[in-house]
Structures are given as C-alpha cells and as structure tokens.
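Working notes, structure below.
Number of protein chains: 2
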Amino acid sequence: MTAPTGKAEAVYRQLRAQIEAGELVPGTPLGEVALVERTGASRTPVREALRRLAAAGLVDLAPRQAARVSRISMQSVRDLFAFRALLEPEAMRSAAQAVGTDGDLRTALTRLRADLSRIGRRAASPARSTAFYALADRFDWTVVGATRNEHLRRTIAELRPHTARLRNLSHADPRRIEVSVVEHLRMVDALLAGDADEAASACTDHLARSVDTILATLLSGPGAGLDVIT
Amino acid sequence: MTAPTGKAEAVYRQLRAQIEAGELVPGTPLGEVALVERTGASRTPVREALRRLAAAGLVDLAPRQAARVSRISMQSVRDLFAFRALLEPEAMRSAAQAVGTDGDLRTALTRLRADLSRIGRRAASPARSTAFYALADRFDWTVVGATRNEHLRRTIAELRPHTARLRNLSHADPRRIEVSVVEHLRMVDALLAGDADEAASACTDHLARSVDTILATLLSGPGAGLDVIT
DNA sequence: TGTATACACGCTGTATACAGTTCGGTCCGG
DNA sequence: CCGGACCGAACTGTATACAGCGTGTATACA
Chain R
6 MTAPTGKAEA
16 VYRQLRAQIE
26 AGELVPGTPL
36 GEVALVERTG
46 ASRTPVREAL
56 RRLAAAGLVD
66 LAPRQAARVS
76 RISMQSVRDL
86 FAFRALLEPE
96 AMRSAAQAVG
106 TDGDLRTALT
116 RLRADLSRIG
126 RRAASPARST
136 AFYALADRFD
146 WTVVGATRNE
156 HLRRTIAELR
166 PHTARLRNLS
176 HADPRRIEVS
186 VVEHLRMVDA
196 LLAGDADEAA
206 SACTDHLARS
216 VDTILATLLS
226 GPGAGLDVIT
Chain A
6 MTAPTGKAEA
16 VYRQLRAQIE
26 AGELVPGTPL
36 GEVALVERTG
46 ASRTPVREAL
56 RRLAAAGLVD
66 LAPRQAARVS
76 RISMQSVRDL
86 FAFRALLEPE
96 AMRSAAQAVG
106 TDGDLRTALT
116 RLRADLSRIG
126 RRAASPARST
136 AFYALADRFD
146 WTVVGATRNE
156 HLRRTIAELR
166 PHTARLRNLS
176 HADPRRIEVS
186 VVEHLRMVDA
196 LLAGDADEAA
206 SACTDHLARS
216 VDTILATLLS
226 GPGAGLDVIT
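Protein chains in written order, with my numbering: chain R, 6 to 235; chain A, 6 to 235.
Below, the structure is given as structure tokens:
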C-alpha cells in the first residue's frame with residue numbers, strides 16, 4: 006500500500022508495536038519533541054506517525070496539547086467486540102466460500118489446523134500461551150487476507166491493534182487458552198468444510214466468550230499501571 | 006474531536022468537499038506545491054490534509070509521487086455498498102431502540118417525515134432533487150448520531166464521502182428519486198414505530214436499489230471526464 | 001526508424017526555525 | 001492557611017529550506 010521504507014513508517018510501526026505490547030501504558034504522554042529524541046527522526050515524520058495512530062484510535066489528540074496513548078473504558082471494550090461481532094462473521098463467510106477455489110487458503114488453513122491441535126496437546130506454560138497467541142494471530146491474518154471486500158478487510162485490520170493491546174494489558178486466565186484452542190479449531194474446521202453458517206456462528210461465539218473473559222479480567226485486577234476507566 | 010480551527014482542517018474540508026462534489030475528477034493529480042498555491046497554506050498543513058484524505062480512501066498515495074484523487078471501479082462500488090449493507094442496518098436497529106428513550110431523536114425524525122412527504126408531493130425538478138438529497142443526508146446524519154457504538158459510528162461516517170461522490174458523479178435517473186422518497190419514508194416510519202427488524206430490512210432494500218441504480222448509470226454513460234475502471 | 005541511455009525537471013521526504021497558545025508553578029494578598 | 005492572579009516554560013501549529021528519488025524527455029546510436 007504505502008512505502009515500506011521511510012522514517013514516518015518506521016516511527017509509526019515502532020510506536021504501534023509498543024502500544025500493542027502494553028509497554029506504553031494508556032495515558033502516557035507522547036510529546037513530539039520527546040519522540041524526536043527517542044526515535045532519532047525529526048518532528049515531521051513523528052508528527053505523521055502520531056496522526057496515523059490517532060486515526061487508528063491508538064492515541065488521543067487534543068489541540069495544542071501533547072498526544073496521549075488512548076485510554077480504555079469498559080464501554081470501549083464492549084463497543085469494540087460488538088463491532089467485531091458485526092464484521093468478522095461476515096469475513097468468515099467470505100473465507101468459507103473462498104476455500105473452495107483458493108488453494109493457498111486451503112493449505113494455509115490445513116497447516117494452521119495441525120499446529121493448532123499440536124498446541125492443544127502441549128502442557129500449560131507461558132511459552133505455550135505466547136505460541137498460541139501467535140497462532141491465533143496467524144489465523145486472523147489468514148481470514149483477513151481471504152476477505153475480498155476492501156472496506157471490510159481494511160476495517161477489520163484497523164481493529165486488530167486494539168484487540169492485541171487488550172490481550173497484552175489484561176493477563177487473562179491461562180485456562181482460557183484451553184477453551185480458545187477448541188474455539189479456533191471449530192472455526193478452522195468450519196472453514197475447511199466450507200460451511201459458512203457454522204464458521205460465522207463459531208466466530209460469534211468465540212468473540213462473545215473473549216469479551217466476557219477480558220471484561221472479567223479488567224474488573225478483577227487491573228495490571229501494573231493499567232489505566233482503565235469504569 | 007479534532008480542532009475545528011486550524012489550516013490543516015480547513016484544507017482538508019475544502020478538498021473533501023470538492024472531491025465529494027465531483028469538481029475534482031478521479032485521477033486528478035494533487036501535488037503538494039500546487040495545493041500550496043491554491044489554498045494559501047504551506048506544505049505542512051497541506052501534507053496533513055492529504056494524509057487524512059488518503060486514510061479516508063479519497064485520494065491514492067504513491068511514494069515519491071503526487072497524490073491523485075482516487076479512482077472508482079465497478080468492484081469498488083459493489084464493495085462499498087456491500088459494506089454499508091453490513092453496517093447501516095445495524096445502525097438502524099440501534100436507532101429504532103433509541104427512539105423510545107431519546108426525545109430529540111423522535112422529534113428530529115418526526116420533522117424529517119413531514120419534510121420528506123412534502124418533498125414527495127413536489128413536481129420533479131433539479132431543485133427538488135438537490136432538496137431531497139439534502140434531506141437524505143439529514144436522515145443519514147440523524148441515524149449516525151443516534152448510534153451509540155463509537156466504532157460503528159465512525160466507520161459509517163467515513164463511508165459517507167464515497168457515497169456522496171458517487172451520487173454527484175453519476176447523475177442518476179430523476180425518476181429514481183420518486184422511489185427513494187418512498188424508501189426513506191419506509192425507513193423513517195419503521196424507526197418511529199420502534200420496529201428494528203422492519204427498519205433494518207428497509208435499509209437493506211434501499212441500499213440494494215441504490216447500488217443497482219448507480220451501477221446502471223455508470224455503465225450506460227460516464228459523465229463528463231468521469232474516470233471509471235471497469 | 002526503433003531503442004537504449006543519459007540528463008534535467010519536479011516531486012516528495014525530511015529537517016529545522018519561528019510564532020501563538022496553553023498549562024503548571026509560584027508568588028502575593030486576604 | 002487558602003485562593004487567585006501572574007509569570008514562565010513547554011508544547012503544538014505553521015512556514016520554509018535542503019536532499020534524494022522517480023519520471024519523462026530528448027538525444028545518440030544501432
């Protein structure tokens with residue numbers, strides 16, 4: 006789409022990664038000059054990166070005021086998942102239809118299924134959690150890539166950083182992973198079977214369970230420095 | 006949201022309005038220096054405006070190359086309306102539920118209904134067409150404003166310029182307006198009745214008929230300088 | 001005459017200087 | 001001790017200068 010090179014792009018990716026990872030806590034001020042010193046770029050690329058982050062909803066921008074990493078509220082979490090529940094089942098339907106003609110998609114899903122069931126048999130551990138999350142991301146990317154509708158694809162992609170951030174800020178119950186593996190297997194199987202309705206339904210269920218887990222985690226114990234608005 | 010003042014905002018609004026109005030034909034190059042001379046602002050605000058327009062999908066941005074007003078393809082039109090058909094019925098459902106508690110929304114819809122039926126009785130004329138389009142915009146804005154979900158509201162709002170541009174680039178059959186008035190009345194009535202299903206269904210039907218009309222118009226006769234990719 | 005190459009122009013990407021405004025701290029008065 | 005107003009610092013918004021790259025053209029050659 007845009008240039009893979011360029012300092013503005015580099016600053017944008019760096020900041021987005023740090024926000025996604027939770028290293029930059031919500032509410033952290035991101036002054037332009039401070040970022041200049043931290044990234045080595047000048048104010049112009051920094052400024053562009055901040056504007057793009059603001060468009061993505063990752064930072065809040067007030068006039069004549071330093072940008073801040075966007076805050077998270079219970080309502081924003083609910084809104085995010087309600088919106089995803091509107092879009093992603095449709096993407097699943099699209100992918101379920103495409104799996105019949107797109108050979109690459111089918112092989113990708115088949116590999117994903119194998120890796121997923123292998124993960125499911127491993128013993129619980131932090132390493133397994135991160136491995137599973139990487140796999141879940143791979144699945145999401147695969148489905149997004151199979152989505153033909155440009156608007157749908159772009160919008161889902163824009164939502165991903167928010168989800169990733171929530172995942173990294175709220176350390177969910179490790180037992181949740183057991184269930185999530187099963188849910189992902191159900192989605193992959195539905196896609197491989199070309200069953201659009203089942204795929205959409207599985208996606209909806211998965212999102213509903215995810216938001217419940219995240220909200221419960223945020224309510225019970227906000228992690229170190231996590232700034233959550235009730 | 007952002008600053009109502011500021012040159013970047015002014016340039017952005019001016020360019021967006023001209024693109025929406027169809028004055029800037031798809032493919033028109035928008036060099037930064039040319040825009041500096043045309044708008045009176047310097048390159049920094051111009052640059053920010055162009056980036057925002059690119060994020061909205063109204064201009065295409067290639068590295069080291071002048072920005073161009075985004076082109077329109079048949080597929081992009083279909084994608085746009087398919088995406089709207091996914092989002093807007095949900096917004097209608099939300100509005101139908103809110104009409105019970107939100108007094109302002111109810112009065113706005115009531116006034117809209119009166120104006121709409123008055124327009125319906127007027128004789129066909131260019132003036133009536135523009136008056137109806139203004140009314141349709143008011144309706145859309147009302148529904149968007151009643152949408153609680155932040156993501157849903159923002160995404161629908163971002164799609165509006167595209168629709169407006171299509172409307173202004175493809176001069177549809179004036180008789181289409183007769184039907185559109187009826188469709189809008191059906192939507193408004195469903196909302197006032199609080200009937201979410203009927204409102205959503207009416208919205209879906211309206212969008213389906215709209216895309217048919219637009220595609221037919223684009224196929225038959227591309228207007229002056231209209232650059233459409235088959 | 002067709003093609004390949006070299007040159008020149010223009011454009012974006014980047015850096016930096018300047019002006020206006022807002023926010024926070026401090027000092028004074030009650 | 002508390003409240004308010006003034007002052008200073010820092011930040012964003014804007015303007016402009018410089019460098020690198022791509023594109024298009026003109027020319028020389030096969």
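A virtual CB, placed ideally from N, CA and C, is assigned to each residue, including glycine.
- Secondary structure note for V193 (chain R): its alpha helix (DSSP H) is the uninterrupted segment R180 to L197.
- Here A139 (chain R) is exposed, its C-beta having fewer than 16 other C-beta atoms within 10 Å.
- The count of Cβ pairs closer than 8 angstroms, one atom from the region 193 to 207 of chain A and one from the region 182 to 200 of chain R, stays below three, leaving the stretches out of contact.
- Judged by DSSP secondary structure, V16 (chain R) falls outside any beta strand (DSSP E) and instead within the alpha helix (DSSP H) spanning K12 to A26.
- DSSP places V30 (chain A) in no alpha helix (DSSP H); its state is neither H nor E.
- In this structure L114 (chain R) does not touch A103 (chain R) by the C-beta definition: roughly 10 angstroms separates them, more than the 8 angstroms allowed.
- The beta carbon of A207 (chain R) sits closer than 6 angstroms to the beta carbons of R191, M192 and A195 from its chain, once the five residues preceding and following it are set aside; these are given in chain order.
- Proximity of A87 (chain A) to chain R, defined by a Cβ-Cβ separation below 7 angstroms, is satisfied.
- Nearest C-alpha to F137 (chain R) among R:R76, R:H189, R:G36 and R:S175: R:H189.
- A Cβ-Cβ distance of about 7 angstroms is found for the pair L55 (chain A) and L35 (chain A), placing them in contact under the 8 angstroms criterion.
- Taken through DSSP and simplified to helix, strand or coil, S78 (chain A) comes out as strand.
- Distance between A96 (chain R) and H156 (chain A), taken at the CA atoms: about 17 angstroms.
- A contact between stretches requires three or more CB pairs, one per stretch, nearer than 8 angstroms, and the region 117 to 129 of chain A fails this requirement with the region 65 to 75 of chain A.
- For the C-beta of E93 (chain A), not a single chain R residue is nearer than 8 angstroms; the gap to the nearest is close to 11 angstroms.
- Exclusion of the five residues before and after I24 (chain A) leaves L58, L63, V64, V74, P166 and R170 as the residues of its chain whose Cβ lies within less than 8 angstroms of its Cβ.
- In terms of Cβ geometry, T222 (chain A) and S175 (chain A) form a close pair [threshold 7 angstroms].
- L92 (chain R) and L85 (chain A) have their alpha carbons spaced roughly 14 angstroms apart.
- In the DSSP annotation of this structure, T106 (chain A) is not part of any alpha helix (DSSP H), being labelled neither H nor E.
- Here G105 (chain R) is exposed: its Cβ has fewer than 16 other Cβ atoms, across all protein chains shown, within 10 Å.
- Around V38 (chain R), the same chain offers R48 as residues with beta carbons nearer than 8 angstroms, after the five sequence neighbours per side are excluded.
- Within the same chain, no residue comes within 6 angstroms of P68 (chain A) by CB-CB distance, once the 5 residues on both sides are set aside.
- Within the region 131 to 157 of chain A, the residues whose Cβ lies closer than 7 angstroms to some Cβ of chain R are N154, E155, H156 and L157, listed in chain order.
- In terms of Cβ geometry, L212 (chain A) and A90 (chain A) form a close pair [threshold 7 angstroms].
- The continuous stretches of alpha helix (DSSP H) do not include A46 (chain R), and DSSP gives it neither H nor E.
- With contacts defined by Cβ atoms closer than 7 angstroms, A162 (chain A) and V149 (chain A) form a contacting pair.
- Within the same chain, and ignoring the five residues on either side of S99 (chain R) in sequence, the residues whose Cβ sits closer than 8 angstroms to its Cβ are A151, T152, R153, N154 and L157.
- For R73 (chain R), the secondary structure class from DSSP, reduced to helix, strand or coil, is strand.
- Around A46 (chain R), the same chain offers K12 and V16 as residues with beta carbons nearer than 6 angstroms, after the five sequence neighbours per side are excluded.
- Excluding residues up to 5 positions away in sequence, I124, R127 and I182 lie with their Cβ nearer than 8 angstroms to the Cβ of R133 (chain A) in the same chain.
- Taking a 10 Å sphere around the C-beta of G108 (chain A), we find fewer than 16 other C-beta atoms and assign the residue as exposed.
- Within the region 138 to 184 of chain A, the runs of alpha helix (DSSP H) that reach at least 4 residues and sit entirely inside it are, in chain order, 155 to 174.
- Per DSSP, the beta bridge partners of D65 (chain A) are A:R73.
- Non-local beta-carbon contacts of G27 (chain A) in its own chain, meaning distances under 6 angstroms to residues more than five positions away in sequence, involve N173 and L174 in chain order.
- Taking a C-beta distance under 7 angstroms as the contact criterion, A204 (chain A) and A101 (chain A) qualify as a contact pair.
- Across the region 45 to 58 of chain A, CB contacts with chain R closer than 9 angstroms involve T49, R52, E53, R56 and R57, in sequence order along the chain.
- R56 (chain R) carries a helical assignment under DSSP once its states are collapsed to helix, strand and coil.
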